[in-house]
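First comes the structure, then the notes that go with it.
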Amino acid sequence: MALKKVLYYGAIGIGILIAVSVVVSIVSTLLSLAWAVVSGAISLAILLGIVYVAYKAGSWIFGSDDSTTDTIGTGRGSYASTSSSSSDSASRQDRLRQQYVEGQISEAEFEQRIARELEREDVDDIDRELERER
1 MALKKVLYYG AIGIGILIAV SVVVSIVSTL LSLAWAVVSG AISLAILLGI VYVAYKAGSW
61 IFGSDDSTTD TIGTGRGSYA STSSSSSDSA SRQDRLRQQY VEGQISEAEF EQRIARELER
121 EDVDDIDREL ERER
């Protein structure tokens, strides 16, 4: 009878040991998965931060700020050839209007630039008509 009790308690002990081992494995797996998600999110946030800083630095270094580009582009555009299309002229006028609305240029500067743009458009139309006649 004593041997039977020893085997019985031994079997119960082994069963409890296996159950505890399974529970510990499940908890360990869940914690590992949670840690993987957290570390992935942190890595992604760091990567996005680096990309954002690189983008801003590139924008600053290469001067792709809208006000700088438009001011420089408009200054160079006044010496450009007369082969630009009317849609290009309209987009330049739209950009000038947008700059004026946003307060990037004064009213006087806006009027001067629009006048130059309209004069250039008139010259373009005349040049196109002369080319058609040839």
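Here the sequence shown stands for residues 1 to 134, numbered as in the UniProt record's numbering. Just so you know, even glycine gets a beta-carbon here, dropped at the ideal spot from N, CA and C. Only a predicted model underlies this, so the values are computations on that prediction, with no experimental measurement involved.
Exercise. May I ask which residues mark the beginning and end of the alpha helix (DSSP H) holding I50?
Key: In the DSSP assignment, I50 falls within the unbroken alpha helix (DSSP H) covering 2 to 62.
Self-check item: Residues near A80 in its chain [Cβ-Cβ closer than 8 angstroms; skip 5 each side]
Solution: In this prediction, A80 has a pLDDT of 41, which is less than 50 and means its spatial position is unreliable; nothing more can be read from the coordinates.
Quiz prompt | A54 versus L47: straight-line alpha-carbon distance, rounded | solution = For the pair A54 and L47, the Cα-to-Cα distance works out to about 11 angstroms.
Quiz item: Helix, strand or coil: how does DSSP classify S91 here?
Solution: S91: helix per DSSP, three-state reduction.
Quiz item: DSSP state of I105, grouped into three classes?
Solution: DSSP places I105 outside both helix and strand once states are collapsed to three, so it counts as coil.
Quiz item: Do R113 and L96 have their CB atoms nearer than 7 angstroms?
Solution: With respect to the 7 angstroms criterion, R113 and L96 are classified as neighbours on the basis of their beta carbons.
Quiz item: Count the other CB atoms within 10 Å of the CB of E107; is the residue buried (16 or more) or exposed (fewer)?
Solution: Label assigned to E107: exposed.
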